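Undergrad:
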Amino acid sequence: MKKKNTNVIMAIVLIIVGLSLLIGGKLLLDSRKTEERLYACVYSLTMAGRKLVKTLPLQEGNKQRYNFEGPLGVTVVEVDGLRVRVLSSPCPDQVCVQFGWLSQVNDFSACLPNAMMVLIEDGKTTGN
0 MKKKNTNVIM
10 AIVLIIVGLS
20 LLIGGKLLLD
30 SRKTEERLYA
40 CVYSLTMAGR
50 KLVKTLPLQE
60 GNKQRYNFEG
70 PLGVTVVEVD
80 GLRVRVLSSP
90 CPDQVCVQFG
100 WLSQVNDFSA
110 CLPNAMMVLI
120 EDGKTTGN
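Heads up: the sequence shown is residues 0 to 127, going by numbering that gives the first Met the number 0.
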């Protein structure tokens, strides 16, 4: 009888510990998601380096377009939630458009003829 009670108590303790770990893990992951904000940083490229001209937040529900004025004309950058892309550009080869959707830190698309670049950065490195 004592052995049965001990087994029941052990099972209850294990269930409580397991649930605590699950709940704690979920809370930790949720807090990390809110801390890890991503941004699409639009840079102007020059002989001296790059200059940040626009920071576009990547977040659920955010849909916007940004027109970058370069030496060849307008390059359109499109944000759709947690991803970004170069929608159109006046460059001849369209390599920047062919990069497609970007969604991870350090993903980038560059249009060298129009002297611009889009780079995904987290909140810690934005603009560096």
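C-beta: ideal position from N, C-alpha, C; glycine also.
None of the values given here were measured: they were computed from a predicted structure.
For A47, does the three-state DSSP call read helix, strand or coil?
TA: Position 48 of the sequence shown, counting from 1, holds the residue named residue 47. Of the three classes helix, strand and coil, the one that applies to A47 here is coil, per DSSP.
Undergrad: What are the complete beta strand (DSSP E) segments, minimum 3 residues, inside the segment 59-87?
TA: Whole beta strand (DSSP E) segments, 3+ residues: 62-68, 73-79, 82-87.
Undergrad: Give the straight-line distance between the Cα atoms of R84 and A114, rounded to the nearest whole angstrom.
TA: One-based indexing of the sequence shown puts residue 84 at position 85. One-based indexing of the sequence shown puts residue 114 at position 115. Whole-angstrom Cα-Cα distance: 16 Å.
Undergrad: Out of V117, V16, P56, point me to the one whose CA is closest to F98's CA.
TA: Against the sequence shown, residue 98 aligns to sequence position 99. Considering only alpha carbons, the answer is V117.
Undergrad: Quick one: Cα of I128 to Cα of L13, how far?
TA: This structure does not reach residue 128, given that the chain is present from 0 up to 127, and the question cannot be answered.
Undergrad: Of the residues L81, G80, N66, which one's Cα is nearest the Cα of T74?
TA: One-based indexing of the sequence shown puts residue 74 at position 75. Nearest option by C-alpha distance: N66.
Undergrad: Check the C-beta distance from P112 over to L71 and give it rounded, since I have them as a contact under 8 Å.
TA: Your numbering for residue 112 matches position 113 in the sequence shown. Your numbering for residue 71 matches position 72 in the sequence shown. The pair is a contact, with the Cβ atoms about 6 Å apart (cut-off 8 Å).
Undergrad: Does the separation of the CB atoms of V78 and Q63 fall below 8 Å?
TA: Along the sequence shown, one-based indexing puts residue 78 at 79. Along the sequence shown, one-based indexing puts residue 63 at 64. It is a contact, given that the beta carbons lie within the stated cut-off.
Undergrad: Mapping the DSSP letters down to three states, classify A10 as helix, strand or coil.
TA: One-based indexing of the sequence shown puts residue 10 at position 11. If DSSP states are grouped into helix, strand and coil, A10 belongs with the helices.
Undergrad: Can you give me the C-alpha to C-alpha distance between R31 and K3, rounded to a whole angstrom?
TA: The residue given as residue 31 occupies position 32 in the sequence shown. The residue given as residue 3 occupies position 4 in the sequence shown. Residue placement at R31 is flagged as unreliable, the pLDDT there being 46, under the threshold of 50; the coordinate-derived value follows with that caveat. For R31 and K3, the distance between alpha carbons rounds to 42 Å.
Undergrad: Assuming the contact rule is C-beta atoms closer than 8 Å, I119 and A10 should be a hit. Round their C-beta distance to whole Å, please.
TA: One-based indexing of the sequence shown puts residue 119 at position 120. One-based indexing of the sequence shown puts residue 10 at position 11. Not confirmed; about 47 Å, so no contact.
Undergrad: Give a single yes or no on whether D121 has its beta carbon closer than 7 Å to a heavy atom of the ligand COA.
TA: Of ligands this structure carries none, so the ligand COA is not represented either.
Undergrad: Would you decide whether V7 is buried or exposed? Buried here means 16 or more other CB atoms lie within 10 Å of its CB.
TA: Numbered from its first residue, the sequence shown carries residue 7 at position 8. Looking at its Cβ environment, which holds fewer than 16 other Cβ atoms inside 10 Å, V7 is exposed.
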